[in-house]
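Asker:
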Amino acid sequence: MTTEATPTEKYVAVQNSPEFSELRRKLRNFVFPMTVAFFLWYALYVLLSAYARGFMALKIVGNINVALLFGLLQFVSTFLIAWYYSRYAARQLDPLADKIGADLKGGEVTK
Amino acid sequence: MTDFIAAEATSSTSRTLTITLFLVFVAITLAITIWASRQTKTATDFYAGGRQFSGFQNGMAIGGDYMSAASFLGIAGLIALYGYDGFLYSIGFLVAWLVALLLVAEFLRNSGRYTMADVLAFRMRQRPVRTAASVSTIVVSIFYLIAQMVGAGALVSLLLGIKADTTFLGMDAGTAKVATIILVGALMIVYVVVGGMKGTTYVQIVKAFLLMTGALVMTLLVLAHYKFNLSSLLGDAAEQSGKGAAFLEPGLRYGIESDSASATFYSKMDLLSLGIALVLGTAGLPHILTRFYTVPTSRIARKSVLWAIGIIGVFYLFTLALGFGAAAMVGGTAITAQDKAGNTAAPQLAQELGITFLGGDTGGAVLLAIIAAVAFATILAVVAGLTLASSSSVAHDFYASVIKRGQAAERDEVRVARISAFVIGAVAIVLSIFAQSLNVAFLVALAFAVAASANLPAILYSLFWKRFNTSGALWSIYGGLIAAVVLVFFSPVVSGSATAMFPDHDWHWFPLSNPGIISIPIGFLCGFIGTLVSKENDTDKYAELEVRSLTGHGAH
Chain A
1 MTTEATPTEK YVAVQNSPEF SELRRKLRNF VFPMTVAFFL WYALYVLLSA
51 YARGFMALKI VGNINVALLF GLLQFVSTFL IAWYYSRYAA RQLDPLADKI
101 GADLKGGEVT K
Chain B
1 MTDFIAAEAT SSTSRTLTIT LFLVFVAITL AITIWASRQT KTATDFYAGG
51 RQFSGFQNGM AIGGDYMSAA SFLGIAGLIA LYGYDGFLYS IGFLVAWLVA
101 LLLVAEFLRN SGRYTMADVL AFRMRQRPVR TAASVSTIVV SIFYLIAQMV
151 GAGALVSLLL GIKADTTFLG MDAGTAKVAT IILVGALMIV YVVVGGMKGT
201 TYVQIVKAFL LMTGALVMTL LVLAHYKFNL SSLLGDAAEQ SGKGAAFLEP
251 GLRYGIESDS ASATFYSKMD LLSLGIALVL GTAGLPHILT RFYTVPTSRI
301 ARKSVLWAIG IIGVFYLFTL ALGFGAAAMV GGTAITAQDK AGNTAAPQLA
351 QELGITFLGG DTGGAVLLAI IAAVAFATIL AVVAGLTLAS SSSVAHDFYA
401 SVIKRGQAAE RDEVRVARIS AFVIGAVAIV LSIFAQSLNV AFLVALAFAV
451 AASANLPAIL YSLFWKRFNT SGALWSIYGG LIAAVVLVFF SPVVSGSATA
501 MFPDHDWHWF PLSNPGIISI PIGFLCGFIG TLVSKENDTD KYAELEVRSL
551 TGHGAH
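These protein sequence lines are chains A and B, in that order. Sequential numbering from 1 applies to the first sequence in this note's numbering. Sequential numbering from 1 applies to the second sequence in this note's numbering.
1. With three or more beta-carbon pairs closer than 8 Å as the criterion, would you say the segment 124-138 of chain B touches the segment 350-367 of chain B?
2. For residue 192 of chain B versus residue 345 of chain B, is the C-beta spacing smaller than 8 Å?
3. Within 10 Å of its beta-carbon, does residue 505 of chain B have 16 or more other beta-carbons around it, so buried, or fewer, so exposed?
4. With burial defined as no fewer than 16 other Cβ atoms inside 10 Å of the residue's Cβ, what is the status of residue 106 of chain A: buried or exposed?
5. Note the first and the last residue of the continuous beta strand (DSSP E) segment covering residue 59 of chain A.
6. Mind checking the segment 208-234 of chain B against chain A and listing, in chain order, the residues whose C-beta falls within less than 7 Å of any C-beta there?
7. Measuring only between beta-carbons, confirm whether residue 84 of chain B sits less than 8 Å from chain A.
8. Mapping DSSP to helix, strand and coil, what is residue 538 of chain B?
9. Run through the segment 347-431 of chain B for me and flag every whole alpha helix (DSSP H) of 4 or more residues, listed as ranges in chain order.
10. Considering just the uninterrupted stretch of the alpha helix (DSSP H) at residue 462 of chain B, what are its terminal residues?
11. Just the C-alpha distance for residue 267 of chain B and residue 95 of chain A, rounded to the nearest angstrom, thanks.
12. Would the segment 229-247 of chain B count as touching the segment 400-419 of chain B if we require 3 or more Cβ pairs under 8 Å?
13. So the alpha helix (DSSP H) residue 97 of chain B belongs to, where does it begin and stop?
14. So, for residue 107 of chain B: in the same chain, excluding its five sequence neighbours on each side, which residues have a beta-carbon less than 8 Å away from its beta-carbon?
15. Would a check of beta-carbon distances place residue 41 of chain B closer than 8 Å to chain A?
16. Measuring only between beta-carbons, confirm whether residue 187 of chain A sits less than 8 Å from chain B.
17. Does the pairing of the segment 60-78 of chain B with the segment 373-382 of chain B give three or more beta-carbon distances under 8 Å?
18. For residue 87 of chain A and residue 56 of chain A, I'd like the C-alpha separation in whole angstroms.
19. Beta-carbon separation of residue 381 of chain B and residue 204 of chain B under 8 Å?
20. Whole angstroms is fine: what's the gap from residue 30 of chain A's alpha carbon to residue 301 of chain B's?
21. What number of angstroms, rounded off, separates the C-alpha of residue 38 of chain B from the C-alpha of residue 121 of chain B?
22. What residues in the segment 241-259 of chain B have a beta carbon less than 9 Å from any beta carbon of chain A?
23. What did DSSP end up calling residue 64 of chain A once you bin it into helix, strand or coil?
24. If you reduce the DSSP assignment to three classes, tell me which class residue 25 of chain B lands in.
25. Should residue 324 of chain B be labelled buried (16 or more other beta-carbon atoms within 10 Å of its own) or exposed?
26. Does the CB of residue 24 of chain A have a neighbour CB from chain B at under 8 Å?
27. Taking residue 274 of chain B as the reference, which of B/16, B/453 and B/544 has the closest Cα?
28. Quick check on DSSP: helix, strand or coil for residue 491 of chain B?
29. Helix or strand or just coil, what does DSSP make of residue 34 of chain A?
30. State the Cα-Cα distance for the pair residue 313 of chain B and residue 249 of chain B, rounded to the nearest angstrom.
31. Taking the beta carbon of residue 259 of chain B as the centre, do at least 16 other beta carbons fall within 10 Å, making it buried, or is it exposed?
32. Quick check on residue 501 of chain B: does DSSP put it in helix, strand or coil?
33. What residue from B/69, B/413, B/171 and B/80 has the CA that sits closest to residue 332 of chain B's CA?
34. Could you check what DSSP says for residue 72 of chain B in three-state terms: helix, strand or coil?
35. Quick check on residue 130 of chain B: buried or exposed, where buried means 16 or more other Cβ atoms within 10 Å of its Cβ?
36. Starting from the C-beta of residue 320 of chain B, find all residues in its chain whose C-beta is less than 8 Å away, skip the five residues before and the five after it, and write them out in chain order.
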């Protein structure tokens, strides 16, 4: 339920514009593969916890075993992916989105 | 190891101090709430806190909403009792934020207004989709609410030092638990009804600060006790647990290998099911989704998720030290003697640390009281967030759009939201009284499974699939929701096991305790099939949704 009246043709035109296609491509090419990657990495961890007990139990240093290290690596990868995405978004996505947004505002599609 | 609550005098010092600190927290947060209520004039103020919070503030508030009793009490308890397997929760709960960051937060902020349904119903027929979204919002929130309030009940008998044969203000332990659940429920209703999103957000920020500080201090004390040698902490935990090296490896709680091949198979499936539900649930939790509306733009929503990931990640590292610390310093026997599900491990550890570092029993009582008050604050803040999300959905989605067909006056809508907060709070109170034997982290995992099955598929399809339509949205929400709830109802959690909600009855036929591995694919599949069976396809509206969600144009 949108309260503002928005000329649909304008949105369709923007959606079909090369700039918007580029924004969508850059976004999807980043977030979809990255989602698959971290999900598989996490799934690997869960599967190893369920089915590779011997491997997970191997001790690395003192009482610190592979299972604990794997768990901590999930923290590290989460922090890194979050940081990498924010950098990518600020450099690659935000300028494009701003430009398209400004063009839209320049037209009469305003609130 | 000392006997828990060694002397009657200690117990009474601790009791007085806990109650005092808790009352101070309640007084401060009520003052904030009343202050916030004076700033709350429009519906945007009530639902979205005026959209004026900064990235850091909202990051803290997200942390406040997310680091629930399940995290602090439940995970620490699971680690203390089952060792490594409790850590699995922390990991799933954290990795889940990447789904929210990459696929949901910014797009939701750009295209929605107050609730999850704003995005789901964007290009669909309003009334059926908003009804469905409202139903699933309430179901998820109630599961989650029960978890929090059970946590509060479990805490109280420990905190007030009520043992089986003693009473407090004429109440025995059972009555005191029920009284606590009712008290917590009543307070959360006040926060929400009076303070709206603005009040609730500040309560979350204060709570997140207290919880992080409390967990940090306890972590440092545990590590100091082991001279900052992680390996010796782990070694001591394994030894005190009586389970040896197995305590530090996966398999004591989930994926248990037994003589029966089928039992082993199901136990491992349960582990996978839990893992999937944890990682996919977060981005479907209504009280988390509504948080993204409290900031002015999607960039700030992104920033707030980044803050949240940092805060939550660090907090879960603390819980690792707390859980293993409790196993090593308090011991599994003392923990299960207090609470079978382990929910009181963290406060018990606080008492032990106080005894060790702050000079004997009094020190123990003081630290116990502080951590207990923090735990209560945690619970109160989370239940307020949940109640707000579900009452917002009732008012904004069901009342304003379905009943009034979008013609409701803003003031009436907010009034309905306040009334719904009462009703939802009351329902949660009653249900919580029946669910007291369950571990709170586990109950939260169920809420995650329902959120991941019913909400996440619809949200992702809405944002990224051009062909998605009303039929698909309804199929995925109801399909995922019904699958998850039915499987839980016929699982060993509800009947047919010693720790079930109804231990004396047995109608279970579903072997897993977490339904995610079945119900989440059902949610996605239903959305897919439901879409294809209907010809409806509003490509113009999708153009608007896609352009707005990616560029932030026309965002509220």
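In this text, a Cβ means the ideal position worked out from N, Cα and C, and glycines have one as well.
Answerer: Judging by the given coordinates:
1. In this structure the segment 124-138 of chain B does not touch the segment 350-367 of chain B; the number of beta carbon pairs closer than 8 Å is below three.
2. no
3. exposed
4. exposed
5. DSSP places residue 59 of chain A in the uninterrupted beta strand (DSSP E) bounded by 59-61.
6. Those residues of the segment 208-234 of chain B that come within reach of chain A (Cβ to Cβ, closer than 7 Å) are 230, 231 and 234.
7. yes
8. The three-state secondary structure of residue 538 of chain B, taken from DSSP, is coil.
9. 360-392
10. 456-464
11. In this model, residue 267 of chain B and residue 95 of chain A are separated by some 49 Å (Cα to Cα).
12. no
13. 84-99
14. 119, 298, 463, 549 and 550
15. no
16. Residue 187 of chain A lies beyond the stretch modelled for chain A, which goes from 1 to 111, so this question has no answer here.
17. yes
18. 34 Å
19. yes
20. Each residue's alpha carbon lies about 19 Å from the other.
21. 32 Å
22. 245, 246, 248, 249, 250, 251, 254, 255 and 257
23. For residue 64 of chain A, the secondary structure class from DSSP, reduced to helix, strand or coil, is strand.
24. helix
25. Residue 324 of chain B comes out buried.
26. yes
27. B/453
28. coil
29. helix
30. 21 Å
31. exposed
32. coil
33. B/80
34. helix
35. buried
36. 79, 87 and 90
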